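First to last, the sequence lines map onto chains A and B.
Take 1 as the starting number for the first sequence in my numbering and just add one per residue.
Take 1001 as the starting number for the second sequence in my numbering and just add one per residue.
We put the CB at the ideal spot given by N, CA and C, even for glycine.
Computed from a predicted structure; not experimentally measured.
Single-structure report; data block below.
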Amino acid sequence: MFKWYLPVIALIFGMMLAYCWYLSIRIDKRFSGRRWSIPSKVYSDTTILYPGQKINRVLFNEKLRNLGYRKVTHTLEEKGELRISTSLMEIYLHDFKVPSRYKEGVPVKIRFDKNRITSIVNLNTGQPMSILELEPEEVMLFFGPKRERRRLVSIDQVPMNVIHAVLAAEDHRFYEHKGLDPRGILRAIYTDLRHGSFKQGGSTITQQLAKNYFLTPKRTLIRKLKELFMSLTMERMYNKNEILEIYLNEIYMGQNGSEAINGIGEASIFYFGKPVEELSLAEAATLGGLIRAPNHYSPYVDKNRCRERRNVVLNAMYKQGWISDEELKTTLPLPVKTVGYDAYRKKAPYFMDYLSDQLTALYSPQDLSSLGLKIYTTLDTQVQTAAESALKKGLETLEESNPALSRTDPQKKLQGAIIVMQPKTGYVLAMVGGRNYSVSQFNRITQARRQPGSAFKPFVYLSGLDQFTPASILSNKPVTYEFDGKEWTPKNYTPMAEKCVTVRDALAKSINLATVDLAMQVGIDHIVKTARSLGFSTPMKPYPSIALGSFEVIPLELARAYCPFAADGVLPFPLALKSVLDENGNILEQRHMIIKEVMTPGKAFLMSSLLQSVVEKGTASSLRELGIAYPVAAKTGTTNDYRDAWFVGYTPDILALIWVGFDDGAPIYATGSKAALPIWADLMNALPQYVSGGWFRMPQGVVRGMICSENRQTAAKDKCPHPMEEYFLADHIPEGYCPIYGHANSFERIINGIKGFFNTF
Amino acid sequence: MGSKAFLIHFKAVIATLVFGSLLILLGCAPSVVKSAPSTSWKTSQDAGGGQKNIEKQRMSPRALAALQLTEQGRMFIENNQPDDAIGILERALNLNPDNGRNYYYLAEAWLMKGNFGQAAQFNRLAQIYLKDDNEWLQRVNLQKERIAEKVR
Chain A
1 MFKWYLPVIA LIFGMMLAYC WYLSIRIDKR FSGRRWSIPS KVYSDTTILY PGQKINRVLF
61 NEKLRNLGYR KVTHTLEEKG ELRISTSLME IYLHDFKVPS RYKEGVPVKI RFDKNRITSI
121 VNLNTGQPMS ILELEPEEVM LFFGPKRERR RLVSIDQVPM NVIHAVLAAE DHRFYEHKGL
181 DPRGILRAIY TDLRHGSFKQ GGSTITQQLA KNYFLTPKRT LIRKLKELFM SLTMERMYNK
241 NEILEIYLNE IYMGQNGSEA INGIGEASIF YFGKPVEELS LAEAATLGGL IRAPNHYSPY
301 VDKNRCRERR NVVLNAMYKQ GWISDEELKT TLPLPVKTVG YDAYRKKAPY FMDYLSDQLT
361 ALYSPQDLSS LGLKIYTTLD TQVQTAAESA LKKGLETLEE SNPALSRTDP QKKLQGAIIV
421 MQPKTGYVLA MVGGRNYSVS QFNRITQARR QPGSAFKPFV YLSGLDQFTP ASILSNKPVT
481 YEFDGKEWTP KNYTPMAEKC VTVRDALAKS INLATVDLAM QVGIDHIVKT ARSLGFSTPM
541 KPYPSIALGS FEVIPLELAR AYCPFAADGV LPFPLALKSV LDENGNILEQ RHMIIKEVMT
601 PGKAFLMSSL LQSVVEKGTA SSLRELGIAY PVAAKTGTTN DYRDAWFVGY TPDILALIWV
661 GFDDGAPIYA TGSKAALPIW ADLMNALPQY VSGGWFRMPQ GVVRGMICSE NRQTAAKDKC
721 PHPMEEYFLA DHIPEGYCPI YGHANSFERI INGIKGFFNT F
Chain B
1001 MGSKAFLIHF KAVIATLVFG SLLILLGCAP SVVKSAPSTS WKTSQDAGGG QKNIEKQRMS
1061 PRALAALQLT EQGRMFIENN QPDDAIGILE RALNLNPDNG RNYYYLAEAW LMKGNFGQAA
1121 QFNRLAQIYL KDDNEWLQRV NLQKERIAEK VR
């Protein structure tokens, strides 16, 4: 007998099958490609510590906090714990992986004598360590429009306690049902009927996943049916562990400011500062409890509510037989402990913009916000913090000392910029492109073009080293120069009686007339050529005023041009980006220091020696009063009408450039030594780890000897009354001996001595 | 008394004192031999650098820490991982810019990567920093020859 309803049933069944087939295509398409958009992360460089090193303990403690180390008072038990006392610090290091290296976290003990590390000991072995490397610090994320943070975990990584906590909280029959849990559905229907609306979900983990991935959050019957079909299809396509893994990576777990925390891996770091593998039972249960309403149960919102919810989960786990009676009893009373967090803010924003410009040449913004790349940089966050702080303090001090510098409009305020580099390698350690990034994103280190003033003079003197020695005499008389039909009469910053000065003194005291005299003898074209060889890209014309830094430069290029003095004559390329890795750890891009010889090591050494005189007896002598007691080479710079104040200073280990001025070119009424130098000193005083106190070794091609201070010729041994030490290029040793004292007999020496004495009056 | 007159008077007094003192001193001083004046020009070898300086630096904790990185760099080179070697040697260089071995190994790594220009640059720096270490200088010179061969 024909059953009329059979074709209808067959039709409905066929339609359902077709729908499931359609869904399977959608699911396959979604799951076979990238499942999530993961923002790329930018990291600082690693931090190196060694016994004997001086550190800034305030900045170091901040560094540890940023790395997620949490202070404890008990003996170290877990990775990420930190115990601090006055002269001792115990750190249970995190594991970390950087390109080519994996370091397993061990507990270490660092002993201090004030701010000096006296010893580092591995607490596992009791062995002293000669070097310790801390992991890179996460400094920026390339977010997509959803601003989601996610750290992927595989199901094999996730401890059973975490899996059981999640299942106990959300779907304890997950491994038993086929995507739908009839008992759960009945319970939900009952609850919904009682309340007359869709109150309870009763969804299985598979259903939740289907909803999150493919459907809108709107609660309708149609959506529920779709969810049902999709769950059934998913269960046919994937095994339980695959579904659970996707779920654990997908679920929303809370909020950090404008960022969404997604997945159990990210949540583990956000709430407890440790990878999911290291979670305790209490922490696992806390995370399991969060899933239902992450912000409501968040330990950052209400610890008590969070603890109550966690204990519900623990009891559910116990009920399922997943934890023992003892585990339950010992865990229930535990308080909820979190690692704490800082709301996300873009650190080192100007550095990041500089870096982003390089990255966007390699990757599209979409790739950067979705591929989960790891980007390693040369940034030292301690240096960056010190630079930001020094600039802020320096500018505020200037405004306080001269109210004429204060502006109410934030856009027009006094500005400043700092770049810190390692001169040998070109590593950019820090970059502060302005006073306040939120007010102005204009990067005054990489985008500004400003006159360097006297900060350009070293390149004039460098150009002259083939003809002149540090002891050569330059004219300090006023001269009017004519060029292109125009007259130009340079002046000294302060009037000077001396008609002649040595090359060394002229640079040390930044004497304009003597510098122009040198420039004219050397040839302006030659100076332009020197500047080009040092990487200046801005237009420079062969005008005499170039000797006094009248052509605009980019501050980054000015800092770079000083590097060869500190690097045996080698010009490094400024390096900010070190490597880019994909999410599986494969290296996509790697950059190294690139160097080019631009001057002999002898000339570089001589320039450092000349610039050391700037600090010892010249325009930067106030550095000593500001606590800089070690050898430094430096140059101040001030432009016409006090529009710009500069200070560039370096040691063999570090180089920093400071600029202060107004964007609109208004005067700041202060010289480089008054406005920029104190900022440099403040910065360096905050970075003892970069101060070795060493100086450059005299290279081949340079000789040192005594010359007569009166005539700048080789001093007659035991005869010249005021000999002085000087450096020369080996092929520029003074040819003659001191004519005054060299052949003088005793009587002549006395007469010469008396003459010299009276000449001092 | 005007200031000018005072200055002349003052100069006369000072001259008498200085002249008298010098005469007394001369009476005690040995007679001056009229020979060509001499001074000693110190080169980098005389300047207290040299092997001793290197050894001293090797002993400092900072140099010791840097040497560990240098050693890691060397291992990477042995394992034919020049990029990894360069990365770590750059850190070693930043930590202790005076260790010539870093430059030697950097030259080696660049040689391995086939960038002979950079290899030559680092070899030149190795020569500068290892000039007082005969054993190492020999290696640096051999390396220079190898680079030159590759360039040819």
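Quiz item: What do you get for A/F483, buried or exposed, if any count of 16 or more other CB atoms within 10 angstroms of its CB means buried?
Solution: exposed
Practice problem: Compare the Cα-Cα distances from A/L186 to each of A/E170, A/F174, A/S203, A/H172 and report the closest residue. | Solution: A/S203
Practice problem: Indicate the three-state DSSP secondary structure (helix, strand or coil) for A/G289 in the structure shown. | Solution: helix
Quiz prompt | Within chain A, partners of B/K1042 - CB distance below 7 angstroms | solution = V703, R704, G705
Quiz item: Count the other CB atoms within 10 Å of the CB of A/Q521; is the residue buried (16 or more) or exposed (fewer)?
Solution: With fewer than 16 other beta carbons inside 10 angstroms of its own, A/Q521 counts as exposed.
Exercise. Determine the closest residue to A/Y461 out of A/T671, A/K603, A/K114, with distance taken between C-alpha atoms.
Key: A/K603
Quiz item: Quick one: what's A/K54 bridged to in DSSP?
Solution: Per DSSP, the beta bridge partners of A/K54 are A/R116.
Quiz item: Which residues in chain A sit within 8 angstroms of B/N1094, going by Cβ to Cβ distance?
Solution: Q422, K424, T425, Y427, D653
Exercise. Using a cut-off of 9 angstroms between C-beta atoms, extract the partners of A/Y50 located in chain B.
Key: P1061, R1062, L1064, A1065, A1066, Q1068, L1095
Quiz prompt | Spatial distance of A/D466 from B/E1090 (CA atoms) | solution = 32 angstroms
Quiz prompt | Every unbroken alpha helix (DSSP H) within the segment 301–371 of chain A, with a cutoff of 4 residues, ordered by chain | solution = 303–319, 325–331, 349–359, 365–370
Practice problem: Count the C-beta pairs between the segment 589–600 of chain A and the segment 614–631 of chain A that are closer than 8 angstroms, then say yes if the count reaches three, no if not. | Solution: Three or more Cβ pairs closer than 8 angstroms define a contact, and the segment 589–600 of chain A falls short of that threshold against the segment 614–631 of chain A.
Quiz item: If you count every other CB in all the chains shown that lies within 10 Å of the CB of B/E1149, and 16 or more means buried, which is it?
Solution: exposed
Quiz item: Since B/Q1118 is in the alpha helix (DSSP H), which residue starts that stretch and which ends it?
Solution: 1116–1129
Quiz item: Is B/L1125 close to chain A, meaning its C-beta is less than 8 angstroms from at least one C-beta of that chain?
Solution: yes
Quiz item: Can you give, in chain order, each stretch of the beta strand (DSSP E) that sits fully within the segment 462–502 of chain A and has at least 3 residues?
Solution: 473–475, 481–483, 486–488, 500–502
Self-check item: Terminal residues of the alpha helix (DSSP H) in which A/S87 lies
Solution: Unbroken run through A/S87: none, as it is neither H nor E.
Quiz item: Between the C-alpha atoms of A/L180 and A/I291, what's the straight-line distance to the nearest angstrom?
Solution: Counting only the Cα atoms, A/I291 lies some 19 angstroms from A/L180.
Quiz item: Does B/E1149 have its Cβ less than 8 angstroms from a Cβ in chain A?
Solution: B/E1149 does not count as touching chain A.
Quiz item: Going by alpha carbons, who is nearest to A/G535 out of A/Q451, A/V383, A/C563?
Solution: A/C563
Self-check item: Residues bridged to A/P572 [DSSP beta-bridge criterion]
Solution: A/I595
Quiz prompt | A/I120 vs A/P128 beta-carbon contact at 8 angstroms | solution = With a cutoff of 8 angstroms on beta-carbon distance, A/I120 and A/P128 are scored as near each other.
Exercise. Tell me whether B/R1101 is buried or exposed, calling it buried when 16 or more other Cβ atoms sit within 10 Å of its Cβ.
Key: buried
Quiz prompt | Supposed close pair A/G549, A/F442 - CB separation, criterion 8 angstroms | solution = Wrong, their Cβ atoms sit about 22 angstroms apart, outside the cutoff.
Practice problem: Using a Cβ cut-off of 8 angstroms (strictly closer), state whether A/V570 contacts chain B. | Solution: yes
Practice problem: Return no unless some Cβ of chain A is closer than 8 angstroms to the Cβ of B/Q1143. | Solution: no
Quiz item: If the cut is a Cβ gap below 8 angstroms, which residues of chain B does A/I84 touch?
Solution: Per Cβ cutoff of 8 angstroms: no residues; A/I84 is ~22 angstroms from chain B at best.
Practice problem: Just grab the DSSP bridge partners of A/D644 for me. | Solution: A/G661
Quiz item: Do the segment 669–688 of chain A and the segment 713–729 of chain A touch if we need at least three Cβ pairs shorter than 8 angstroms?
Solution: Verdict: no, contact absent.
Quiz item: Any contact of the segment 71–88 of chain A with the segment 156–169 of chain A, i.e. 3+ C-beta pairs under 8 angstroms?
Solution: no
Quiz prompt | Residues of its chain near A/Y297, where Cβ-Cβ distance is below 7 angstroms and the 5 sequence neighbours each way are ignored | solution = G289, L290, R305, C306, R309
Quiz item: Within 10 angstroms of its Cβ, does A/S609 collect 16 or more other Cβ (buried), or is it exposed?
Solution: buried
Practice problem: Provide the residue span of the beta strand (DSSP E) that contains A/M129, from first to last. | Solution: Run containing A/M129: none; DSSP gives neither H nor E here.
Quiz item: If you pair each beta-carbon of the segment 134–145 of chain A with each one of the segment 360–380 of chain A, do three or more pairs fall below 8 angstroms?
Solution: yes
Quiz item: At a Cβ cut of 8 angstroms, what residues of the segment 581–598 of chain A count as close to chain B, listed as they run along the chain?
Solution: I587, Q590, H592, M593, I594, I595, K596, E597
Quiz prompt | Test item: CB-CB of A/L575 and A/T378 under 8 angstroms | solution = yes
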